[in-house]
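*Asks:*
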Amino acid sequence: MSRIIRFSLLVFGFIALGTICVTAADTDTGEFKTVKKLPLEGSGRWDYLYVDGQSRRLYMSRATHFSVIDADSGVVVGDIPDTPGAHGVALAPDFGVGFTSNGGENKVSVFDLKTLKVLTKIDTGGNPDSIVYHPATHDVFVQNGKGNSSSVINAEKRQVVATIPLGGKPEFAVYDDEGNLFVNLEDKGGIVVIDTANKKVKATWPIEGCEEPSGLAIDRSSHRLFSACSNKLMAVVDSQTGKLIQTLPIGDDCDALAFDPETGYVFASNGEGNLTIVHKNASGKYEVTQNLTSAPGSKTMALDASTHNVYLPTAKFNGDPVAHPRPSVVPGSIVILVVGK
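In terms of the working numbering, the sequence shown has 249 at position 233, counting the first letter as 1, and numbering is strictly consecutive.
#1: Kindly list the residues whose CB is nearer than 7 Å to the CB of residue 106, restricted to its own chain and excluding five residues on each side of it in sequence; keep chain order.
#2: Note down, in chain order, each residue of its chain lying with its Cβ closer than 6 Å to the Cβ of residue 344, except the 5 sequence neighbours on either side.
#3: Grab me the residues of residue 104's own chain with a C-beta within less than 6 Å of its C-beta, minus the 5 sequence neighbours each way, in chain order.
#4: I need the straight-line Cα distance from residue 59 to residue 267, nearest angstrom please.
#5: Locate the beta strand (DSSP E) running through residue 324, then write down its first and last residues.
#6: Quick check on this structure: which residue in 179, 226 and 325 has the alpha carbon closest to the alpha carbon of residue 211?
#7: Can you look up residue 305 in the DSSP assignment and give me helix, strand or coil?
#8: Would the segment 241-256 and the segment 212-219 be scored as touching if the rule is three or more Cβ pairs under 8 Å?
#9: Quick one: what does DSSP say residue 123 is sitting in, helix, strand or coil?
#10: Can you give, in chain order, each stretch of the beta strand (DSSP E) that sits fully within the segment 237-295 and has at least 3 residues?
#11: Buried or exposed for residue 290, please, with buried defined as at least 16 other CB atoms from any protein chain shown within 10 angstroms of its CB.
#12: Using C-beta distances below 6 Å, list every residue in its chain close to residue 219, excluding the 5 sequence neighbours before and after it, in chain order.
#13: Specify, as a first and last residue, the run of the beta strand (DSSP E) that residue 62 falls within.
#14: Pick from 283, 96 and 227: whose alpha carbon is nearest that of residue 79?
#15: Rounded to the nearest angstrom, how far is the Cβ of residue 229 from that of residue 202, given a contact under 8 Å?
#16: Since residue 5 contacts residue 338 with CB under 8 Å, what's their CB separation in whole angstroms?
#17: By the three-class DSSP mapping on this structure, what secondary structure does residue 178 have?
#18: Which of the three DSSP states, helix, strand or coil, is assigned to residue 317?
#19: So, under 8 Å CB-CB, residue 234 and residue 275 are touching, yes? Tell me the CB distance rounded to an integer number of Å.
#20: Who are the Cβ neighbours of residue 313 in its own chain at under 7 Å, not counting the five residues just before and after it?
#21: What first and last residue would you give for the beta strand (DSSP E) that runs through residue 134?
#22: Grab me the residues of residue 151's own chain with a C-beta within less than 6 Å of its C-beta, minus the 5 sequence neighbours each way, in chain order.
#23: With DSSP as the reference, label residue 206 as helix, strand or coil.
#24: Is the beta carbon of residue 225 closer than 8 Å to that of residue 188?
#25: Would you report the Cα separation of residue 171 and residue 134, rounded to the nearest angstrom?
#26: With distances taken Cα to Cα, identify the nearest neighbour of residue 355 among 349, 87, 227 and 164.
#27: Where residue 164 and residue 158 are concerned, what is the direct C-alpha to C-alpha distance, given to the nearest angstrom?
#28: Quick check on the DSSP output: the beta strand (DSSP E) that includes residue 353 runs from which residue to which?
#29: Considering only the alpha carbon of each residue, which of 260, 259, 48 and 271 lies closest to residue 244?
#30: Have a look at 242, 280 and 295 and flag the residue whose alpha-carbon is nearest the alpha-carbon of residue 273.
#31: Return the CA-CA distance between residue 183 and residue 260, expressed in angstroms with no decimal places.
#32: Would you say residue 351 and residue 74 are within 8 Å of each other, going by their C-beta atoms?
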């Protein structure tokens, strides 16, 4: 999930597309607030997080392993070891297993959801990063950051059944209810569309004005994709046509987006130290409703759709948390901020 930091303060107007011209510091009041802080031991950096609302487990990558945390109490209830270069996790509850992307060894670990025991490892392309389970096909799609491809793993057979060239460096991925998987291409400034049944690319959509898209979320009912751009924009894209609908301002160093289907809120976690919150207004346009102060380094997150809370990890760093290379974490300083109403 690497990012190239741009030192541009330009916010694109796109008046015709209905951009709301505010900055990330303009709306630091609103309904959302930090309702809880969950301290964690250790010092390793993190990447993706995932909340399993049913089991109340929060999975958090920790560089070389995954911490499994009680989402309500913050107590660490387990650990998935030996995941070098840990990025993301995907769960296949219908088969009782989960999958972690281990970028440091070009492998995916398969683990038992009950015991967390690693059952096997599967070779992928270079630097497996984002990972998502597609229930309709029972396949796990693993986006390979250095391989410019997606490795497709059958969850039941636990083996790679296809490798899909993507034509660029993939970042996050989401799927709709119509057999499509959408993947941000960081170096192309666009979105690639995969046919999940045929396991082939069916379209590539450029996103005008969106630099280095990373985080991606979807509103399946309204056919809207939300893409985080490194030039401090959120792009709203029609998931059926690829048309750019609107752009909105977000904070710097955003690496994750989330959409809450019940409340309609869209969240953007910004490493500069805030959480941009977006909602559709009465006229059908999206607008920034709040920019909640979080903490520097809180660039990824997980949404718990059952409670509508957002989990934002942060820590104290030995240097600027948005700089490259990323500074080390001060041991014992990691805290997960729980944001809600």
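Heads up, the beta-carbon is just placed ideally off N, CA and C, and yes, glycines get one too.
*Replies:* So, from the data block:
#1: For the purposes of this step, residue 106 is taken as residue 90 along the sequence shown, with counting starting at 1. Closer than 7 Å at Cβ, skipping near neighbours: 114, 115, 147, 148, 149 and 156.
#2: Numbered from 1 along the sequence shown, position 328 holds the residue referred to as residue 344. Its chain contains 334 as the residues whose beta carbon lies nearer than 6 Å to that of residue 344, once the 5 sequence neighbours on both sides are disregarded; these appear in chain order.
#3: In the sequence shown, residue 104 corresponds to position 88, counting from 1. Result list for residue 104: 64, 117, 146 and 147, in chain order.
#4: On the sequence shown, position 43 is the one that residue 59 refers to. On the sequence shown, position 251 is the one that residue 267 refers to. Whole-angstrom Cα-Cα distance: 25 Å.
#5: As a first step, residue 324 is located in the sequence shown; it is residue number 308 there, counting from the start. No residue range can be given for residue 324, since it is assigned to no beta strand (DSSP E) and is classified by DSSP as neither H nor E.
#6: The count along the sequence shown starts at 1 and reaches residue 211 at position 195. Residue 179 is the option with its Cα nearest to residue 211.
#7: Within the sequence shown, the letter at position 289 stands for residue 305. Here residue 305 sits in strand by DSSP.
#8: At 8 Å Cβ cutoff, the stretches do not touch.
#9: Within the sequence shown, residue 123 is the residue found at index 107, counting from 1. Of the three classes helix, strand and coil, the one that applies to residue 123 here is strand, per DSSP.
#10: List check, beta strand (DSSP E) in window: 240-245, 249-254, 260-265, 270-275 and 282-286.
#11: Here residue 290 refers to the residue found at position 274 when the sequence shown is read from its first residue. The residue is buried, with at least 16 neighbouring Cβ atoms inside 10 Å.
#12: Here residue 219 is taken as the residue at index 203 of the sequence shown, counted from 1. For residue 219, where only same-chain residues beyond five positions count, the Cβ hits under 6 Å are 209.
#13: Position 46 of the sequence shown holds residue 62. Careful: residue 62 lies outside any beta strand (DSSP E) and carries neither H nor E.
#14: Here the question's residue 79 lines up with position 63 in the sequence shown. The candidate whose alpha carbon is nearest that of residue 79 is 96.
#15: Working through the sequence shown from its first residue, we reach residue 229 at position 213. Working through the sequence shown from its first residue, we reach residue 202 at position 186. Going by Cβ atoms, the distance from residue 229 to residue 202 rounds to 6 Å, so yes, they are a contact pair.
#16: The question about residue 5 has no answer here: the residues shown for the chain are numbered 17 through 357.
#17: Here residue 178 is taken as the residue at index 162 of the sequence shown, counted from 1. Strand.
#18: Along the sequence shown, one-based indexing puts residue 317 at 301. It is coil, neither helix nor strand.
#19: Here residue 234 is taken as the residue at index 218 of the sequence shown, counted from 1. Here residue 275 is taken as the residue at index 259 of the sequence shown, counted from 1. Contact check for residue 234 and residue 275: beta-carbon distance about 6 Å, within the 8 Å limit, so the pair qualifies.
#20: Position 297 of the sequence shown, counted from the first residue, corresponds to residue 313. Contacts found: 287, 330, 331, 333 and 337.
#21: Within the sequence shown, numbered from 1, the residue matching residue 134 stands at position 118. Start and end: 134-139.
#22: The residue you call residue 151 lines up with position 135 of the sequence shown. Within the same chain, no Cβ atom closer than 6 Å to the Cβ of residue 151 is found once the five residues on either side in sequence are excluded.
#23: In the sequence shown, counting from the first residue as 1, residue 206 sits at position 190. In this structure, residue 206 counts as strand in the three-state DSSP scheme.
#24: Against the sequence shown, residue 188 aligns to sequence position 172. Against the sequence shown, residue 225 aligns to sequence position 209. With a cutoff of 8 Å on beta-carbon distance, residue 188 and residue 225 are scored as not near each other.
#25: As a working mapping, residue 171 is identified with position 155 in the sequence shown. As a working mapping, residue 134 is identified with position 118 in the sequence shown. Taking the straight line joining both Cα atoms gives about 14 Å.
#26: Taking the sequence shown and counting its residues from 1, the one referred to as residue 355 is at position 339. Minimum Cα distance to residue 355 is reached at 87.
#27: Indexing the sequence shown from 1 puts residue 164 at position 148. Indexing the sequence shown from 1 puts residue 158 at position 142. Near 11 Å, if we compare the C-alpha coordinates of residue 158 and residue 164.
#28: For the purposes of this step, residue 353 is identified with residue 337 of the sequence shown, where counting begins at 1. It spans 351-356 - the beta strand (DSSP E) in which residue 353 sits, taken as one unbroken run.
#29: Position 228 of the sequence shown, counted from the first residue, corresponds to residue 244. The candidate whose alpha carbon is nearest that of residue 244 is 271.
#30: One-based indexing of the sequence shown puts residue 273 at position 257. Comparing Cα positions, the closest option is 242.
#31: To locate residue 183, count along the sequence shown from 1; it is residue 167. To locate residue 260, count along the sequence shown from 1; it is residue 244. In this structure, the CA atom of residue 183 is about 21 Å from the CA atom of residue 260.
#32: Locating residue 351 in the sequence shown gives position 335, where the first residue counts as 1. Locating residue 74 in the sequence shown gives position 58, where the first residue counts as 1. Their beta carbons are not under 8 Å apart, which means residue 351 does not touch residue 74 by this criterion.
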